[in-house]
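Chains as they are written, first to last, in the working numbering: chain P, 1223 to 1279; chain W, 622 to 1018.
In what follows, a single structure is set out as structure tokens and then discussed.
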Ligand SMILES: Cc1cc2nc3c(=O)[nH]c(=O)nc-3n(C[C@H](O)[C@H](O)[C@H](O)COP(=O)(O)OP(=O)(O)OC[C@H]3O[C@@H](n4cnc5c(N)ncnc54)[C@H](O)[C@@H]3O)c2cc1C
Ligand code: SF4
Ligand code: SF4
């Protein structure tokens, strides 16, 4: 599961551009993730602020 | 918002604004939707642009120009600094803009030309008919609107999803995104007419730190690092904080912005039936500098020009829109993108020793003209040892 730390996120969209599944979307300043996410961790790496974490279920 | 337009533009950045303005000036019915509540904010940019590039589109206006830039400084990993001061008489270098004002001005110009503009209006899906884009579903203030359009322009920036929803792969490879962070800093000791670029694998791996002045003691101090160099404990913000602590320990931050810049190749095709993709959404930002304001404006305008012609002929299928794709690729911009991509591929792999050698060697060059091309050409002349790495670039120079 992808945990979005909205207290950290600066809503820049960098993560959206690298997600191979198109699972992320920025709704203005609110980042969302949908069920297409495969927990690959690419977005987690790229985030300039560290707002994303893939958590093992 | 009407239910039907000649052209629907998704995104109110420089790319979308130029597309909407160009089409509206020709009398097309145009609708521009921007998902954010304010055009241009928050800013996701260092705001630097070459003067001659800008004046191609809009006469300079002090309203949105923060500073006039006269020289640039390159700082090597060993802290050796080299100032590039174009010797040409009356030579013009660049501006640092105020993009909140600039972007708003561009959209205002589009509105003035007759385009309808909607903010807090987000495209949520394309309307597809017979496998082709025929408009978009727009959400605004909690309501959904089906908006039909003969032509849709995807100008939705780095976080572009529209083309992806329509079936085009726009994913930026991890190693080809620059992960960026920037502070607007005040109370710092800088030359207000000079931009500075800091290189080095410890400073900014596979990227650089920039200091772009916006006034006396005021500057955008930012960084981009290669996506694959980013991770827990060593993110763009971590590197930036380290740099700021070292260079501007007494400076104060009055704004933090973050962002992503693609340094990949452009999309392999930037048109589809009834759709053209422009600006960052088409991945046409410069692979070396990360600059994309001009590129967005240029592709935005060209896309609209192509669309106008196609609409006049009554054929907006992919083949009829292809001239947009082939024209920008063979333009000065397209060629520069191709060349700079190849150069970037070499540069991201260079050691600090090589980077030091390069910066030292440029200090001996008299730059006639201020451009990446002259810089690269001179670099190669001055560094025969680089030739081996750069030999496949010869074709571009
Ligand atoms: C840190 C950083 C520094 C930079 N520095 C420079 C620089 O110094 N010089 C330079 O030339 N370039 C720079 N750039 C690049 C430059 O900012 C971009 O290339 C430029 O903004 C691209 O313009 P655009 O119109 O394509 O996209 P954008 O300006 O990103 O505009 C796209 C717009 O579309 C909107 N949008 C997205 N999805 C939707 C949707 N579904 N519905 C409605 N609206 C939507 C977004 O909210 C956004 O406003 C920098 C970028 C970053 C991140
Ligand atoms: S990259 Fe990070 S800061 Fe930017 S939108 Fe994604 S989670 Fe937020
Ligand atoms: S973990 Fe991978 S699939 Fe999931 S949102 Fe992030 S990039 Fe996309």
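For every residue, glycine included, the Cβ atom is placed at its ideal position computed from N, Cα and C.
Am I right that residue i and residue j are in contact with their C-beta atoms under 8 Å? What's the rounded C-beta distance?
{"i": "residue 717 of chain W", "j": "residue 896 of chain W", "result": "That pair is no contact at about 34 Å."}
{"i": "residue 820 of chain W", "j": "residue 714 of chain W", "result": "About 19 Å; that fails the 8 Å criterion."}
{"i": "residue 949 of chain W", "j": "residue 920 of chain W", "result": "6 Å"}
{"i": "residue 668 of chain W", "j": "residue 841 of chain W", "result": "6 Å"}
{"i": "residue 641 of chain W", "j": "residue 757 of chain W", "result": "At roughly 14 Å, the Cβ-Cβ gap does not stay under 8 Å, so residue 641 of chain W and residue 757 of chain W are not in contact."}
{"i": "residue 665 of chain W", "j": "residue 1234 of chain P", "result": "6 Å"}
{"i": "residue 845 of chain W", "j": "residue 828 of chain W", "result": "4 Å"}
{"i": "residue 892 of chain W", "j": "residue 946 of chain W", "result": "5 Å"}
{"i": "residue 643 of chain W", "j": "residue 925 of chain W", "result": "4 Å"}
Determine the extent of the alpha helix (DSSP H) in which residue i is found, giving its start and end residues.
{"i": "residue 801 of chain W", "result": "Looking at the DSSP string, residue 801 of chain W is not in any alpha helix (DSSP H); the run it does join, the beta strand (DSSP E), is 798 to 807."}
{"i": "residue 944 of chain W", "result": "939 to 951"}
{"i": "residue 903 of chain W", "result": "Taken as a continuous stretch (DSSP letters only), residue 903 of chain W belongs to no alpha helix (DSSP H), as it is neither H nor E."}
{"i": "residue 760 of chain W", "result": "Per DSSP, residue 760 of chain W belongs to no alpha helix (DSSP H); it is in the beta strand (DSSP E), 753 to 761."}
{"i": "residue 982 of chain W", "result": "973 to 983"}
{"i": "residue 637 of chain W", "result": "635 to 646"}
{"i": "residue 725 of chain W", "result": "720 to 733"}
{"i": "residue 678 of chain W", "result": "Looking at the DSSP string, residue 678 of chain W is not in any alpha helix (DSSP H), and its letter there is neither H nor E."}
{"i": "residue 786 of chain W", "result": "783 to 786"}
{"i": "residue 825 of chain W", "result": "Unbroken run through residue 825 of chain W: none, as it is neither H nor E."}
{"i": "residue 969 of chain W", "result": "Taken as a continuous stretch (DSSP letters only), residue 969 of chain W belongs to no alpha helix (DSSP H), as it is neither H nor E."}
{"i": "residue 1239 of chain P", "result": "1236 to 1240"}
Quick check on the DSSP output: the beta strand (DSSP E) that includes residue i runs from which residue to which?
{"i": "residue 918 of chain W", "result": "Taken as a continuous stretch (DSSP letters only), residue 918 of chain W belongs to no beta strand (DSSP E), being part of the alpha helix (DSSP H) at 914 to 934."}
{"i": "residue 1275 of chain P", "result": "1274 to 1276"}
{"i": "residue 817 of chain W", "result": "815 to 819"}
{"i": "residue 695 of chain W", "result": "692 to 696"}
{"i": "residue 1265 of chain P", "result": "Note, residue 1265 of chain P: premise wrong, no beta strand (DSSP E); alpha helix (DSSP H) at 1264 to 1268."}
{"i": "residue 743 of chain W", "result": "742 to 750"}
{"i": "residue 857 of chain W", "result": "It is not in any beta strand (DSSP E) - residue 857 of chain W instead sits in the alpha helix (DSSP H) that spans 857 to 868."}
{"i": "residue 883 of chain W", "result": "873 to 883"}
{"i": "residue 1243 of chain P", "result": "Residue 1243 of chain P -> no beta strand (DSSP E), and no H or E assigned at all."}
{"i": "residue 1254 of chain P", "result": "1252 to 1255"}
{"i": "residue 655 of chain W", "result": "651 to 655"}
{"i": "residue 834 of chain W", "result": "829 to 836"}
{"i": "residue 765 of chain W", "result": "764 to 775"}
{"i": "residue 702 of chain W", "result": "702 to 705"}
{"i": "residue 628 of chain W", "result": "625 to 631"}
{"i": "residue 1230 of chain P", "result": "Looking at the DSSP string, residue 1230 of chain P is not in any beta strand (DSSP E), and its letter there is neither H nor E."}
Cβ-heavy atom distance between residue i and ligand 4 below 7 Å?
{"i": "residue 779 of chain W", "result": "Inclusion of ligand 4 in the displayed structure is not the case, the ligand content consisting of ligand 1, ligand 2 and ligand 3 alone."}
Report task. Report yes or no: do three or more beta-carbon pairs, one from the segment 876 to 889 of chain W and one from the segment 808 to 815 of chain W, lie closer than 8 Å? Result -> no
Report task. Inspect the CB distances between the segment 898 to 906 of chain W and the segment 773 to 789 of chain W and report whether three or more fall short of 8 Å. Result -> yes
**Report entry** Residues within the segment 873 to 896 of chain W neighbouring chain P, beta-carbon criterion of under 9 Å
**Finding:** 877, 878, 879, 880, 881, 882 and 883
Query raised in the report: What residues in the segment 638 to 657 of chain W have a beta carbon less than 9 Å from any beta carbon of chain P?
Result: 656 and 657
Query raised in the report: Are there three or more Cβ pairs, one per stretch, closer than 8 Å when the segment 627 to 636 of chain W is compared with the segment 646 to 653 of chain W?
Result: yes
Report task. Closer than 7 Å, Cβ to Cβ, to anything on chain P: give me those residues from the segment 800 to 820 of chain W, in chain order. Result -> 800, 801 and 802
Requested in this report: Any chance you could list the residues with Cβ under 6 Å from a heavy atom of ligand 3, keeping chain order?
Outcome: P:1224, P:1241, P:1243, P:1245, P:1246, P:1255, P:1259, P:1260, P:1261, P:1262, P:1263, P:1264, P:1265 and P:1276
Query raised in the report: Hey, is the segment 880 to 892 of chain W in contact with the segment 786 to 794 of chain W, meaning 3+ C-beta pairs nearer than 8 Å?
Result: The segment 880 to 892 of chain W is in contact with the segment 786 to 794 of chain W.
**Report entry** Cβ contact (3+ pairs, closer than 8 Å) linking the segment 687 to 706 of chain W and the segment 777 to 791 of chain W
**Finding:** no
Query raised in the report: Using a beta-carbon distance cut-off of less than 7 Å, what residues from the segment 836 to 853 of chain W approach chain P?
Result: 848, 851, 852 and 853
**Report entry** Residues of the segment 784 to 797 of chain W whose Cβ lies closer than 7 Å to any Cβ of chain P, in chain order
**Finding:** 785, 792, 793 and 795
**Report entry** Given 8 Å, three or more beta-carbon pairs between the segment 654 to 663 of chain W and the segment 738 to 745 of chain W
**Finding:** yes
Query raised in the report: Can we say the segment 759 to 773 of chain W touches the segment 822 to 840 of chain W, given the rule of at least three CB pairs closer than 8 Å?
Result: Not touching, per the Cβ criterion.
Query raised in the report: Is there contact between the segment 665 to 679 of chain W and the segment 716 to 733 of chain W, where contact requires at least three CB pairs shorter than 8 Å?
Result: yes
Query raised in the report: At a cut of 8 Å, does the segment 629 to 642 of chain W reach the segment 1238 to 1251 of chain P through at least three beta carbon pairs?
Result: no
Query raised in the report: the segment 1256 to 1267 of chain P: which residues have C-beta closer than 7 Å to a C-beta of chain W, in chain order?
Result: 1264 and 1267
Query raised in the report: Can we say the segment 1258 to 1274 of chain P touches the segment 1226 to 1243 of chain P, given the rule of at least three CB pairs closer than 8 Å?
Result: yes
Query raised in the report: Between the segment 956 to 965 of chain W and the segment 938 to 948 of chain W, do at least 3 Cβ pairs fall closer than 8 Å?
Result: no
Requested in this report: Specify whether the segment 1229 to 1239 of chain P and the segment 1266 to 1277 of chain P touch according to this definition: at least 3 beta carbon pairs, one from each stretch, less than 8 Å apart.
Outcome: yes
Query - Interface positions of the segment 769 to 780 of chain W facing chain P (Cβ-Cβ less than 8 Å), listed along the chain - result: Under the 8 Å Cβ criterion, the segment 769 to 780 of chain W contributes 778, 779 and 780.
Query raised in the report: Listed from N- to C-terminal order along the chain, which residues in the segment 737 to 754 of chain W have their beta-carbon within a distance smaller than 8 Å of any beta-carbon of chain P?
Result: 741 and 743
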